[in-house]
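Asks:
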Amino acid sequence: PGARLVVVGGGFIGLEVAATARGLGCEVTVLEAGPRLAGRVLPAVISEALLALHREQGVDVRLNVALESIEADSVLLVDGQRLPCDLVVVGIGMQPNIELATAAGLEVGQGIRVDEYLRTSAPNIYAAGDVCEFRLDGLYQRQETWRNAEAQGKHAALNLLGREVPFDALPGFWSDQYHWGLLTIGVMTTSVVTRALPGGGLLLFYLDADQHLQGACGWAPGNSAAKDIKLCERLIRAHVPLNAASLADPELSLKHLLRG
Numbered sequence: 001p002g003a004r005l006v007v008v009g010g011g012f013i014g015l016e017v018a019a020t021a022r023g024l025g026c027e028v029t030v031l032e033a034g035p036r037l038a039g040r041v042l043p044a045v046i047s048e049a050l051l052a053l054h055r056e057q058g059v060d061v062r063l064n065v066a067l068e069s070i071e072a073d074s075v076l077l078v079d080g081q082r083l084p085c086d087l088v089v090v091g092i093g094m095q096p097n098i099e100l101a102t103a104a105g106l107e108v109g110q111g112i113r114v115d116e117y118l119r120t121s122a123p124n125i126y127a128a129g130d131v132c133e134f135r136l137d138g139l140y141q142r143q144e145t146w147r148n149a150e151a152q153g154k155h156a157a158l159n160l161l162g163r164e165v166p167f168d169a170l171p172g173f174w175s176d177q178y179h180w181g182l183l184t185i186g187v188m189t190t191s192v193v194t195r196a197l198p199g200g201g202l203l204l205f206y207l208d209a210d211q212h213l214q215g216a217c218g219w220a221p222g223n224s225a226a227k228d229i230k231l232c233e234r235l236i237r238a239h240v241p242l243n244a245a246s247l248a249d250p251e252l253s254l255k256h257l258l259r260g
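This is the structure in structure tokens:
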């Protein structure tokens with residue numbers, strides 16, 4: 001209690017550390033280089049809700065700031081500000097270790113590239129987890145979550161044993177921020193429908209041009225959005241056309257939409 005903590009990076013790791021530290025009575029400052037929190041993976045409305053929550057809990061969140069140096073008892077910002085601190089936690093993302101794959105002549109991009117069976121470009125060599133780059137909606141991407149690493153590890157093992165099981169798990173993650181829960185499933189699109197949830201929460205639905213659900217994001221007190229996200233996963237896999245007005249109606253059960 002009372003320790004001064006500076007967290008560099010406003011992504012999920014940094015924000016979870018900040019929330020935990022505030023719960024322990026630390027003075028916390030979060031430094032984010034971008035214009036909003038978790039900007040790479042969250043829609044603006046959820047980023048704004050995260051920002052409001054952390055500031056409400058007493059965290060000094062600073063956006064659009066750049067770090068010059070970390071010193072023994074402070075951090076120095078590029079604009080000359082010096083922030084006294086006792087501890088610094090750096091959570092600015094990860095760089096996949098692809099040097100061995102590159103040296104072995106495997107195809108790489110931002111990670112080790114694989115096909116739908118998690119096979120690399122070389123026979124009998126598979127890749128899984130944060131280092132693996134696979135196609136989703138036609139584009140190569142990496143998923144830096146333990147959910148993905150677990151699912152890909154199981155699929156890679158099955159395929160090493162000759163099962164030939166294509167990897168089709170939907171991307172998703174969750175994060176606990178104080179007494180609020182954040183959950184996502186699938187992918188974001190430009191077509192968004194918003195449903196208000198009890199307690200000030202939000203459920204965002206992402207649709208394609210044919211009104212099929214492609215992804216969802218839930219933000220609500222506790223774990224109250226978890227059931228909705230699980231139903232959204234079933235709706236994505238069902239590939240049924242949906243009505244935007246029905247999705248936005250908080251009185252209409254998602255189970256009803258699943259039944260058609």
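In terms of UniProt numbering, the sequence shown has 150 at position 150, counting the first letter as 1, and numbering is strictly consecutive. Idealized CB from N, CA, C, for every residue including glycine. Since this is a predicted model, take the numbers as computed values, not measurements.
Measure the alpha-carbon distance for Thr145 versus Asp130 and round it to whole angstroms.
Replies: Within the sequence shown, numbered from 1, the residue matching residue 145 stands at position 145. Within the sequence shown, numbered from 1, the residue matching residue 130 stands at position 130. So the two alpha carbons sit approximately 7 Å from each other.
Asks: Ignoring anything shorter than 3 residues, give me the beta strand (DSSP E) runs that lie fully in the UniProt domain "Reductase C-terminal" (173-258), in order along the chain.
Replies: 180-186, 191-197, 201-207 and 213-221
Asks: Once the 5 residues before and after Leu203 are set aside, which same chain residues still bring their CB inside 7 Å of it?
Replies: By 1-based counting over the sequence shown, the position of residue 203 is 203. So the list reads Arg195, Leu197, Ala216, Gly218, Ala225 and Asp228, once near-sequence residues are dropped.
Asks: Report yes if the C-beta distance between Ala30 and Gly11 is below 8 Å; otherwise report no.
Replies: Translated into positions along the sequence shown, residue 30 becomes position 30. Translated into positions along the sequence shown, residue 11 becomes position 11. Per the sequence shown, the amino acid found at residue 30 is Val instead of Ala. No, the pair does not count as a contact, with Cβ atoms beyond the cut-off.
Asks: Any idea what DSSP makes of Ile98, helix, strand or coil?
Replies: Numbered from its first residue, the sequence shown carries residue 98 at position 98. If DSSP states are grouped into helix, strand and coil, Ile98 belongs with coil.
Asks: For Gly186, collect the residues of the same chain with a Cβ closer than 8 Å to its Cβ; drop the 5 residues on either side in sequence, then sort them by chain order.
Replies: Numbered from 1 along the sequence shown, position 186 holds the residue referred to as residue 186. Correct list, in chain order: Leu170, Pro171, Gly172, Tyr206, Leu213, Gln214, Gly215, Ala216, Cys232, Glu233 and Ile236.
Asks: Can you name, in chain order, every residue of its own chain whose Cβ lies under 6 Å from the Cβ of Gly153, other than the five neighbours on each side?
Replies: The residue you call residue 153 lines up with position 153 of the sequence shown. Same-chain partners within the cutoff: Ala128.
Asks: Classify Tyr126 as buried or exposed, calling it buried when 16 or more other Cβ atoms lie within 10 Å of its own Cβ.
Replies: Residue numbering aside, residue 126 sits at position 126 when the sequence shown is read from its first letter. Looking at its Cβ environment, which holds 16 or more other Cβ atoms inside 10 Å, Tyr126 is buried.
Asks: So does the region 2-9 actually touch the region 67-87, counting three or more Cβ pairs closer than 8 Å?
Replies: These segments touch.
Asks: Three-state secondary structure (DSSP) at Val131?
Replies: Position 131 of the sequence shown, counted from the first residue, corresponds to residue 131. The three-state reading of DSSP puts Val131 in coil, since its state is none of H, G, I, E or B.
Asks: Under a three-way DSSP split, which group does Ile70 fall into?
Replies: Along the sequence shown, one-based indexing puts residue 70 at 70. Correct three-state label for Ile70: strand.
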